[in-house]
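Asks: 401 is the number that the UniProt record's numbering gives to position 401 of the sequence shown; each next residue is one higher, with no gaps.
We treat Cβ as the ideally placed atom computed from N, Cα and C, and that holds for glycine.
In this text, all values refer to a predicted model and were calculated from it rather than measured experimentally.
Supplied in structure tokens, the structure appears directly below.
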Amino acid sequence: MSEYNVTLNNEHYRIPDQLAVDAGDHVNFSLYGDNTMGIRAQDLSVSLDLNNAPGVTTLAVIDDSNVSVQAFSGLSADNSFEFYLNYDTTLNIDLAQGDLDGLSALGRSTFVFTSDDIHHSLLTFTLPSTTITPGTEIPKITYMQVNDQLKFNAYDESGELVPASSFTLDQKSGRLDIFFGANDEPGMSFDMEGTTAWSDFELTPDGLMTYSCYLKGTHIATPHGEVKVEELKAGDRVRTATGGVNTVKWIGFRKLNRSQLPAGHTLRASPIRICQGAFADNIPHRDLTVSPGHRFNFDGALVPALSLVNGITITQDFDIQQFEYYHVELEKFDMLLAEGAAAESYLEVGSNRNAFENANTVAAHPDFGPAPERVVLPEYVQKITPEIIETVRRDLFARVEVLTGAVRTADADLRIEIGGKIIAPQSACRKKGQYRFQLPSGLNDDIHILSNAAVVRETSLMDRTDTRVIGVGLAGIVFIAEGKCYEIGLNDASVTGLNEAQEMNGVPLRWTTGKSIIPAGLVPTLQGPVMLELNVLRTHMYWNEVEETKARLQAA
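Quick look at the structure:
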């Protein structure tokens, strides 16, 4: 790990273009005037020293990056901050580092999300104390979508980092208040602008807001056999994954109609289907359908269903129009057996009970007390890291091969088709590089660029919500003839079957969809031989035999 010192005076600065960094490095920025920093890096921490000079500081976290701001210092009354979170980024504002300048900086900050239905970002805040109250200046969070996430932590009196316990959102004013423990005053407050309503979300133990339930018809194990979740009632006894028995305290339910879902809720509301045997031999022992936020126990790590989707044995249903979710609260939080799989019971966190249609019925149970000051589950992993997700997903990929024969492959199987004839490249496409195809003379047909394709999130080892279908990432399309190069612009509207343009390490890129077409009219009309060169900047992981596998699953 290295530490760098960078001084900026009314400048634009980009990492890694102007400073090459590695994961774990730290950059100390000394700033004068108005400065803009664009950062594309993994696990980079930065500190911001304003030198008591007025100015606007803009920090943009660029696609697929993870950045932590660990200290603010030297603030004047005329400083303000703008933070931008691009696609699939994480920005951590650690106000527990340094002095109270960080709290002043927060009040003068605007956080701007640039996500959409496909991409999402995570904005986290860490406070030095659970008893700090917001200042008179309230920071803004703008254009946050449902796929985006906020996470709040603070250090308690014993020095332990604890998550937020509850939140309130005034739909009229847009003010979001975050509470810690039993404090009556919020520890953080925000002005939410252009943000999707959150009335359908719950605050999970680690500070995230999501749907978390079983679908109607799910079988829950009891000492007397399996019972459909909608038939359970308070006082019933259920079996737990540890071999014990627990008592049902409350059943929450809610009905959802896809046509009435707020814009952007599709990914985090649509049911996840887990096929028989997807986790292990005969687990679950029937197909199991749950909400995206419902968590399953993997060796002590509680992982939400949305993080498990692989497109073959674990899929998301975007077609179902009406669905009814149920959640089961036990006398003590535990793992229920849902179709034989260890899945969480309902956990009261702040105001999440209000998401259910029968929230008020719990008042009929005299033993129901206030929510705990903070939710701690010491018997389970406290932080779900990328390494944990990767291990779980590797195991699930192995189960896919056992059940279906499908295997993840790095072979893009890049080829072109002209007039029904397949032409292979001069070398197989398994990574980035330039791939050439000899074109037939007298070409009059369109050129079809074909390859394997995959939904990004389904074959990735990381936890992704990107639902684009991608083939290969093209950085250039060039025809070579008579010693000359004829480049076709990636944004040429006549080339079809491409995803939206993006940048990768500063290079323009467009992913194919696995079936792209270059019209014959773009091919140079020359007498000699013509070569097509495709500059592939990125490839992905793909499922082989995808269509055959899906057909087998549907017929099962």
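Please state whether DSSP places Val536 in a helix, a strand or coil.
Replies: Indexing the sequence shown from 1 puts residue 536 at position 536. Three-state result, Val536: strand.
Asks: Leaving out five residues on either side along the sequence, give the residues of the same chain with a beta carbon under 7 angstroms from the beta carbon of Asn297.
Replies: Stepping through the sequence shown from its first residue, residue 297 is reached at position 297. Cβ neighbours of Asn297 beyond the five flanking positions: Ala241, Met335 and Ala342.
Asks: Taking buried to mean at least 16 other C-beta atoms within 10 Å of its own C-beta, is Asn5 buried or exposed?
Replies: Along the sequence shown, read from residue 1 onward, the residue named residue 5 stands at position 5. Exposed, because fewer than 16 other Cβ atoms sit within 10 Å of the Cβ of Asn5.
Asks: Mapping DSSP to helix, strand and coil, what is Asp395?
Replies: As a first step, residue 395 must be located in the sequence shown, where it is residue number 395. In the displayed model, Asp395 falls within a helix according to three-state DSSP.
Asks: What first and last residue would you give for the alpha helix (DSSP H) that runs through Glu458?
Replies: Residue 458 sits at position 458 when you count from the first residue of the sequence shown. Counting along the chain, the alpha helix (DSSP H) containing Glu458 begins and ends at Val456 to Thr459.
Asks: With 16 as the cutoff for other CB atoms within 10 Å, does Leu161 come out buried or exposed?
Replies: Locating residue 161 in the sequence shown gives position 161, counting from the first residue. With fewer than 16 other Cβ atoms within 10 Å, it is exposed.
Asks: Got a sec? Which residues, its chain only, sit under 6 angstroms from Lys255 by beta carbon, not counting five neighbours each side?
Replies: For this step, residue 255 is matched to residue 255 along the sequence shown. Closer than 6 angstroms at Cβ, skipping near neighbours: Glu324.
Asks: Assuming contact is defined by CB atoms lying nearer than 8 angstroms, are Glu533 and Val478 in contact in what I supplied?
Replies: Counted from its first residue, the sequence shown places residue 533 at position 533. Counted from its first residue, the sequence shown places residue 478 at position 478. Closer than 8 angstroms, so yes.
Asks: Just the C-alpha distance for Arg457 and Ile274, rounded to the nearest angstrom, thanks.
Replies: Position 457 of the sequence shown holds residue 457. Position 274 of the sequence shown holds residue 274. Taking the straight line from one Cα to the other gives about 16 angstroms.
Asks: What does the alpha-carbon distance come out to for the pair Glu379 and Leu474?
Replies: Mapped onto the sequence shown, residue 379 falls at position 379. Mapped onto the sequence shown, residue 474 falls at position 474. Spanning the two alpha carbons is a distance of roughly 47 angstroms.
Asks: Using the Cβ count rule (16 or more neighbours within 10 Å means buried), how would you classify Asn9?
Replies: By one-based count along the sequence shown, residue 9 stands at place 9. Classification for Asn9: exposed.
Asks: Looking at the strands, I want to know which residues DSSP matches up with Met531.
Replies: By one-based count along the sequence shown, residue 531 stands at place 531. Paired residues: Gln438 and Ile480.
Asks: Could you tell me the alpha carbon to alpha carbon distance between Phe180 and Phe152, rounded to whole angstroms?
Replies: Position 180 of the sequence shown, counting from 1, holds the residue named residue 180. Position 152 of the sequence shown, counting from 1, holds the residue named residue 152. About 9 angstroms.
Asks: With DSSP run on the structure shown, which of helix, strand or coil describes Ser80?
Replies: Here the question's residue 80 lines up with position 80 in the sequence shown. Note: Ser80 maps to strand in three-state DSSP.
Asks: Among Thr36, Tyr326 and Ser166, which one has its Cα closest to the Cα of Leu232?
Replies: Walking along the sequence shown from the start, residue 232 turns up at place 232. When only C-alpha atoms are compared, the closest one is Tyr326.
Asks: Determine the burial state of Val507: buried for a count of at least 16 other Cβ atoms within 10 Å of its Cβ, exposed for fewer.
Replies: The residue given as residue 507 occupies position 507 in the sequence shown. So Val507 counts as exposed.
Asks: Thinking Leu337 and Ala221 are a contact (beta carbons under 8 angstroms), I'd like their distance in whole angstroms, please.
Replies: Mapped onto the sequence shown, residue 337 falls at position 337. Mapped onto the sequence shown, residue 221 falls at position 221. Yes, Leu337 and Ala221 are in contact; Cβ-Cβ is about 4 angstroms, under 8 angstroms.
Asks: Who does Ala221 pair with in a DSSP beta bridge?
Replies: The sequence position of residue 221 within the sequence shown is 221, counting from 1. According to DSSP, Ala221 bridges with Glu226.
Asks: Are the Cβ atoms of Ser104 and Leu75 separated by less than 8 angstroms?
Replies: As a first step, residue 104 must be located in the sequence shown, where it is residue number 104. As a first step, residue 75 must be located in the sequence shown, where it is residue number 75. Yes. Within cutoff.
Asks: Identify whether Glu329 lies in helix, strand or coil by the three-state DSSP scheme.
Replies: Residue mapping note: residue 329 aligns to position 329 of the sequence shown, counting from 1. In the structure shown, Glu329 sits in a strand (DSSP, three-state: E or B).
Asks: Please state the DSSP three-state secondary structure of Ala338.
Replies: Within the sequence shown, numbered from 1, the residue matching residue 338 stands at position 338. Here Ala338 sits in strand by DSSP.
Asks: By a C-beta neighbour count over all protein chains shown, 10 Å radius and 16 as the cutoff for buried, is residue 563 buried or exposed?
Replies: Within the shown structure, residues of the chain are numbered from 1 to 556, placing residue 563 beyond reach of any answer.
Asks: Less than 6 angstroms between C-beta atoms, sequence neighbours within five positions excluded: which residues of the same chain meet that for Ile141?
Replies: Your numbering for residue 141 matches position 141 in the sequence shown. Hits under 6 angstroms: Phe111, Phe190 and Met192.
Asks: Could you tell me whether the Cβ of Asp184 comes closer than 8 angstroms to any Cβ of chain D?
Replies: Among the chains in the structure shown there is no chain D, since it carries only a single protein chain.
Asks: From what residue to what residue does the alpha helix (DSSP H) around Leu267 run?
Replies: Looking up residue 267 in the sequence shown gives position 267. Here the alpha helix (DSSP H) through Leu267 covers Thr266 to Ala269.
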